[in-house]
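Trainee: Going line by line, the protein sequences match chains A and B.
Each residue of the first sequence is one higher than the last, beginning at 54 in our numbering.
Each residue of the second sequence is one higher than the last, beginning at 49 in our numbering.
For every residue, glycine included, the Cβ atom is placed at its ideal position computed from N, Cα and C.
Below is one structure. I have some questions about it.
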Amino acid sequence: MNGFLELVVDKFVFRFATDRYYHPEGVWALPEGDGRVRIGLSDFAQQSGGDVAFAEVKPVGTALAFGDEVASVETMKTDIAVPAPVSGTVVEVNPALETAPEVINEDPYGEGWLAVIEAADWETDRARLLDAQAYLERVREVAEEGMRKR
Amino acid sequence: MSEKVVVIPCSGIGKTFGTVSREAAYAVVEDLRPDRTQLVALSLLVLGDEEARAAVAGHPTITIDGCRLACATKMVQESGLPVARSFTVLDAFRKHRDLKPEGISALNPEGQQLACALAKEIAEAIDALQEEA
Chain A
54 MNGFLELVVD
64 KFVFRFATDR
74 YYHPEGVWAL
84 PEGDGRVRIG
94 LSDFAQQSGG
104 DVAFAEVKPV
114 GTALAFGDEV
124 ASVETMKTDI
134 AVPAPVSGTV
144 VEVNPALETA
154 PEVINEDPYG
164 EGWLAVIEAA
174 DWETDRARLL
184 DAQAYLERVR
194 EVAEEGMRKR
Chain B
49 MSEKVVVIPC
59 SGIGKTFGTV
69 SREAAYAVVE
79 DLRPDRTQLV
89 ALSLLVLGDE
99 EARAAVAGHP
109 TITIDGCRLA
119 CATKMVQESG
129 LPVARSFTVL
139 DAFRKHRDLK
149 PEGISALNPE
159 GQQLACALAK
169 EIAEAIDALQ
179 EEA
């Protein structure tokens, strides 16, 4: 990981890993250089959702289009349908999620990854994603709007 | 049967899990094991209230936390006092996925059932602690 950007909103601090791309719905995509893309929830998504109780990822072999639901994450507050930030086929699922889904909260950009997808057309999908700075600005709008409504 | 067990739920004000935590504590202390438990307010302990500190120092203590921040457990420990057992609403929900709690001032029926299930688990832990003593 190269580093992080940080956004402070009220008492909350949100981090954004700068080495990856982001789906606007809070899913990161990290190309691994071999046509495979690792994905997971952003820090903002995991903090907004709260403590993860269950995480279920589509099984290995599942074919996905961009935006298809790749995982469902159930927290004490809400249910999150996680959209795929890349089209392709699921080739790996994080085994830790079965017994310790709280790893998503504890280390969203590391051990809390959700799946690895063999990308079908990474260059096309990448153009639809945001870099860390653009995603931070998106989160800033959402978080500040949320604060105004409180 | 031996000494009383102290039960300390988290504060969790404005949080559904905090409400479940407190409801479970009330169910244990008022209904399931009324003669063998004592409820202590976390805020008194944090303030250094001598009576609260003495209760925790002199009896096995069970904490109930709503979420992974584990405020009740951490604050008891940071007060230099021991925690015999700790429970979380999150873990209880993982065992009872059909009982998703909602509401804050008043829990939905599922939340009430979750609090009851957690209370039963805590009551069993109290029995075990008192047998060990």
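Determine the closest residue to Leu-150 (chain A) out of A:Pro-136, A:Val-144, A:Gly-165, with distance taken between C-alpha atoms.
Mentor: Looking up residue 150 (chain A) in the first sequence gives position 97. Nearest of A:Pro-136, A:Val-144, A:Gly-165 to Leu-150 (chain A), Cα basis: A:Gly-165.
Trainee: Ignore the nearest five residues each way along the sequence and tell me which others in Lys-63 (chain B)'s own chain have a CB closer than 8 Å to its CB.
Mentor: As a first step, residue 63 (chain B) is located in the second sequence; it is residue number 15 there, counting from the start. Same-chain partners within the cutoff: Gly-114, Cys-115, Ile-152.
Trainee: Between Cys-115 (chain B) and chain A, is any beta-carbon pair separated by less than 7 Å?
Mentor: Residue 115 (chain B) sits at position 67 when you count from the first residue of the second sequence. Yes, because at least one Cβ of chain A sits closer than 7 Å to the Cβ of Cys-115 (chain B).
Trainee: If contacts are defined as beta-carbon pairs under 8 Å, then Ser-91 (chain B) and Thr-111 (chain B) qualify, I think. What distance do you get, rounded to the angstrom?
Mentor: As a first step, residue 91 (chain B) must be located in the second sequence, where it is residue number 43. As a first step, residue 111 (chain B) must be located in the second sequence, where it is residue number 63. The pair is not a contact, with the Cβ atoms about 14 Å apart (cut-off 8 Å).
Trainee: Closer than 6 Å by C-beta to Thr-136 (chain B): which residues in its own chain qualify, once you throw out the five before and the five after it? Chain order, please.
Mentor: The count along the second sequence starts at 1 and reaches residue 136 (chain B) at position 88. So the qualifying residues of the chain are Asp-113.
Trainee: Of the residues that make up the stretch 55 to 71 of chain B, which ones have a beta carbon closer than 8 Å to any beta carbon in chain A?
Mentor: If the cut-off is 8 Å between Cβ atoms, the stretch 55 to 71 of chain B has Thr-64, Phe-65 near chain A.
Trainee: Who are the neighbours of Leu-129 (chain B) on chain A, taking C-beta pairs under 7 Å?
Mentor: Walking along the second sequence from the start, residue 129 (chain B) turns up at place 81. The premise fails here: Leu-129 (chain B) is roughly 25 Å from chain A at the closest Cβ pair, so nothing lies under 7 Å.
Trainee: Need the endpoints of the alpha helix (DSSP H) that Ser-140 (chain A) sits in, please.
Mentor: For the purposes of this step, residue 140 (chain A) is identified with residue 87 of the first sequence, where counting begins at 1. Segment: none, Ser-140 (chain A) is in no alpha helix (DSSP H) and carries neither H nor E.
Trainee: Return the bridge partner residues of Thr-136 (chain B) from the DSSP annotation.
Mentor: In the second sequence, counting from the first residue as 1, residue 136 (chain B) sits at position 88. Beta-bridge pairing links Thr-136 (chain B) to B:Asp-113.
Trainee: Assuming Thr-128 (chain A) and Gly-93 (chain A) make a contact with CB atoms under 8 Å, what is their CB distance in whole Å?
Mentor: Here residue 128 (chain A) refers to the residue found at position 75 when the first sequence is read from its first residue. Here residue 93 (chain A) refers to the residue found at position 40 when the first sequence is read from its first residue. Not confirmed; about 15 Å, so no contact.
Trainee: Hey, is the stretch 73 to 81 of chain B in contact with the stretch 186 to 199 of chain A, meaning 3+ C-beta pairs nearer than 8 Å?
Mentor: Segments in contact, no.
Trainee: State the Cα-Cα distance for the pair Phe-65 (chain B) and Thr-177 (chain A), rounded to the nearest angstrom.
Mentor: For the purposes of this step, residue 65 (chain B) is identified with residue 17 of the second sequence, where counting begins at 1. For the purposes of this step, residue 177 (chain A) is identified with residue 124 of the first sequence, where counting begins at 1. One C-alpha to the other measures close to 43 Å.
Trainee: Compute the distance between the beta-carbons of Glu-180 (chain B) and His-107 (chain B), then report whether it is under 7 Å.
Mentor: Reading the second sequence from its first residue, position 132 is the one you call residue 180 (chain B). Reading the second sequence from its first residue, position 59 is the one you call residue 107 (chain B). No.
Trainee: Within the 7 Å Cβ cut-off, does Phe-141 (chain B) reach chain A?
Mentor: Here residue 141 (chain B) refers to the residue found at position 93 of the second sequence. Closer than 7 Å: yes.
Trainee: At a cut-off of 6 Å, would you count Tyr-74 (chain B) as near the ligand MG, judging by its Cβ distance to the nearest heavy atom?
Mentor: Here there are no bound small molecules, and the ligand MG is not part of this structure.
Trainee: For Gly-141 (chain A), I'd like the list of residues in its chain whose CB is within less than 6 Å of its CB, leaving aside the five on either flank, ordered along the chain.
Mentor: Along the first sequence, read from residue 1 onward, the residue named residue 141 (chain A) stands at position 88. If we look at Gly-141 (chain A) and ignore the five residues flanking it on each side, its Cβ neighbours are Ile-170, Glu-171, Ala-172, Ala-173.
Trainee: If you drop the 5 nearest sequence neighbours on each side, which residues of the same chain put their C-beta closer than 6 Å to that of Ala-187 (chain A)?
Mentor: Taking the first sequence and counting its residues from 1, one reaches residue 187 (chain A) at position 134. Cβ neighbours of Ala-187 (chain A) beyond the five flanking positions: none.
Trainee: Taking 7 Å as the CB-CB cut-off, is Met-200 (chain A) touching chain B?
Mentor: Counting from 1 along the first sequence, the entry for residue 200 (chain A) is found at position 147. It does not; no Cβ of chain B falls within 7 Å.
Trainee: Quick one, are the C-beta atoms of Val-53 (chain B) and Leu-177 (chain B) less than 7 Å apart?
Mentor: Stepping through the second sequence from its first residue, residue 53 (chain B) is reached at position 5. Stepping through the second sequence from its first residue, residue 177 (chain B) is reached at position 129. Their beta carbons are under 7 Å apart, which means Val-53 (chain B) touches Leu-177 (chain B) by this criterion.
Trainee: What residues in its chain sit with their C-beta under 7 Å from that of Arg-191 (chain A), if we drop five residues either side in the sequence?
Mentor: On the first sequence, position 138 is the one that residue 191 (chain A) refers to. Once the five neighbours on either side are set aside, the close Cβ partners of Arg-191 (chain A) are Pro-77, Leu-183.
Trainee: How would you label Pro-136 (chain A), buried or exposed, when you count the other beta carbons within 10 angstroms and need 16 or more for buried?
Mentor: By 1-based counting over the first sequence, the position of residue 136 (chain A) is 83. By the neighbour-count rule (16 or more Cβ atoms within 10 Å), Pro-136 (chain A) is buried.
Trainee: Where does Tyr-75 (chain A) fall in DSSP's three states?
Mentor: As a first step, residue 75 (chain A) must be located in the first sequence, where it is residue number 22. DSSP places Tyr-75 (chain A) in strand when its eight states are reduced to three.
Trainee: Once you ignore the five residues that flank Lys-103 (chain B) on each side, which residues in its own chain have a CB closer than 8 Å to its CB?
Mentor: The residue labelled residue 103 (chain B) in the question sits at position 55 within the second sequence. It should be noted that the sequence gives Ala, not Lys, for residue 103 (chain B). If we look at Ala-103 (chain B) and ignore the five residues flanking it on each side, its Cβ neighbours are Val-54, Gln-86, Val-88.
Trainee: Can you list the residues of chain A that Asp-145 (chain B) reaches, using a CB-CB cut of under 9 Å?
Mentor: Residue mapping note: residue 145 (chain B) aligns to position 97 of the second sequence, counting from 1. According to the sequence shown, residue 145 (chain B) is Arg rather than Asp. Within 9 Å Cβ-Cβ: Ala-106, Phe-107, Glu-127.
Trainee: Run through chain B and tell me which residues come within less than 9 Å of Glu-155 (chain A), C-beta to C-beta.
Mentor: The sequence position of residue 155 (chain A) within the first sequence is 102, counting from 1. The contacting residues are Arg-116, Leu-138.
Trainee: Kindly indicate which three-state DSSP category Val-124 (chain B) falls into: helix, strand or coil?
Mentor: Along the second sequence, read from residue 1 onward, the residue named residue 124 (chain B) stands at position 76. Correct three-state label for Val-124 (chain B): helix.
Trainee: Hey, is Asp-63 (chain A)'s beta-carbon within less than 7 Å of any beta-carbon in chain B?
Mentor: Numbered from 1 along the first sequence, position 10 holds the residue referred to as residue 63 (chain A). With 7 Å as the cut-off, Asp-63 (chain A) does not count as an interface residue toward chain B.
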